[in-house]
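*Asks:* According to the numbering used here, the sequence shown holds residues 7 to 139 in order. From the three backbone atoms N, C-alpha and C, an ideal C-beta is built for every residue, glycine too. It should be emphasised that the depicted structure is a prediction, and the values quoted were computed from it without experimental measurement. Please read through the structure below; I'll follow up with questions.
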Amino acid sequence: MVSRVDQSLRYTETHDWVRVEGDIATFGITEYAQDQLSDIVFVELPQIGDTFEQGQVYAVVESVKAASDCYTPVAGEVVEINEELESSPALVNQEPYDGGWFAKVRMSDPSQVESLRDAESYSDLLRQLTEEE
Numbered sequence: 007m008v009s010r011v012d013q014s015l016r017y018t019e020t021h022d023w024v025r026v027e028g029d030i031a032t033f034g035i036t037e038y039a040q041d042q043l044s045d046i047v048f049v050e051l052p053q054i055g056d057t058f059e060q061g062q063v064y065a066v067v068e069s070v071k072a073a074s075d076c077y078t079p080v081a082g083e084v085v086e087i088n089e090e091l092e093s094s095p096a097l098v099n100q101e102p103y104d105g106g107w108f109a110k111v112r113m114s115d116p117s118q119v120e121s122l123r124d125a126e127s128y129s130d131l132l133r134q135l136t137e138e139e
């Protein structure tokens, strides 16, 4: 199966995505990540006001298969969380790049976005992973 990759996003090696609008970064997990996890039953989100460095665990996703940590693509302070996921964690499976977002963060260092993979580079990573399976 080929996972959909949103061309407007940046990606991490750990299958987290980030959408940047001004100094706000929205985080979530990729279609590939949610597909590997299968049916998501719970998402533990950070609190508004929490601060994270790039690469720190900020959320945990539990599925019928496993629990998985989610890592911050960029450093910053949480300014909004997707409260819909508390009652509807399956949104992550249904709309990983839209309704299934996790948190919005005010970036402390927007230049960190440049260190992330663009859509083409992330697609290359997925091709390598699917060839190994």
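What residue does the alpha helix (DSSP H) around A125 start on, and which one ends it?
*Replies:* Start and end: A125 to E138.
*Asks:* Report buried or exposed for M7, applying the criterion of at least 16 other Cβ atoms within 10 angstroms of its Cβ.
*Replies:* Unreliable positioning characterises M7 in this predicted model, as indicated by a pLDDT of 48, which lies under 50. A coordinate reading is not provided.
*Asks:* Quick check on DSSP: helix, strand or coil for D41?
*Replies:* Helix.
*Asks:* Under 8 Å, with one C-beta from each stretch per pair, do the region 103-116 and the region 31-44 reach the 3-pair mark?
*Replies:* Taking 8 Å as the limit for Cβ pairs, the verdict is that the region 31-44 does touch the region 103-116.
*Asks:* Which stretch, first to last residue, makes up the beta strand (DSSP E) that contains E83?
*Replies:* Start and end: G82 to I87.
*Asks:* On the DSSP bridge assignment, give the partners of R112 in chain order.
*Replies:* Bridge partners of R112: I30 and E83.
*Asks:* If you follow the beta strand (DSSP E) that V66 is in, where does it begin and where does it stop?
*Replies:* Run containing V66: V63 to S69, per the beta strand (DSSP E) assignment.
*Asks:* Hey, out of E83, G55, L91 and V98, whose CA is closest to D22's CA?
*Replies:* If we check each option's Cα against that of D22, V98 comes out closest.
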